[in-house]
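Heads up, the thing below is written out as C-alpha cells.
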Amino acid sequence: MTKLEMVVARRKGLRLSLRKLAEKVGVSRQAVLDYERGIYGPGPEVWEKMKDVLGLEGEAKEYWSKLGIRGRPRKQKCKVAKCTNPVIAQSLCEKHYQKMKSLETN
Ligand SMILES: [Zn+2]
Numbered sequence: 606m607t608k609l610e611m612v613v614a615r616r617k618g619l620r621l622s623l624r625k626l627a628e629k630v631g632v633s634r635q636a637v638l639d640y641e642r643g644i645y646g647p648g649p650e651v652w653e654k655m656k657d658v659l660g661l662e663g664e665a666k667e668y669w670s671k672l673g674i675r676g677r678p679r680k681q682k683c684k685v686a687k688c689t690n691p692v693i694a695q696s697l698c699e700k701h702y703q704k705m706k707s708l709e710t711n
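FYI, the numbering for the sequence shown is 606 to 711, going by the numbering used here.
What follows is the structure in C-alpha cells.
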C-alpha cells in the first residue's frame, strides 16, 4: 500500500465520507477527491488537520509529490446574515464570536 492509499484507507476505516472529511479539514469535497487521486496534496494547514482527523504522521510531501494551492482552507464567511467578515470560530467572525461569548457568560 502506498502512503497515498493509506490516506484513503484511513478515511474509509473511520467511515468518513469525502464531504465529512472535507468539512472537518475546511476544504471542498472536490479538493479531498483530488488529494485522494494524487493530483495534488493539501497545504500545510489542511495537512495538520488531516493528520489529526485521520491519525497520520509525517510531512505532506512524503504522501504527495505536488502540494496544491487549491488545498488551502476555504475562506468561510460569518453565518450572521449580511456579515462578510472571515470566520474565526464556530462559523462566526471575530466580532460576532466575541458577541456570542459575552452573551454566554452573562
Ligand atoms: Zn460576523
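For glycine and all other residues, C-beta sits at the position ideal for the given N, C-alpha and C.
Distance from the C-beta of K700 to the nearest heavy atom of ligand 1 is below 7 Å. Looking at S622, V637, S707, Q695, the one whose alpha-carbon comes closest to that of W669 is V637.
Counting only runs that start and end inside the region 650-708, the beta strand (DSSP E) elements of at least 3 residues fall at 692-694. A contact between stretches requires three or more CB pairs, one per stretch, nearer than 8 Å, and the region 654-662 meets this requirement with the region 609-626. Per DSSP, G648 has no beta bridge partner at all. Within the same chain, K684 come within 6 Å of S696 by CB-CB distance, once the 5 residues on both sides are set aside.
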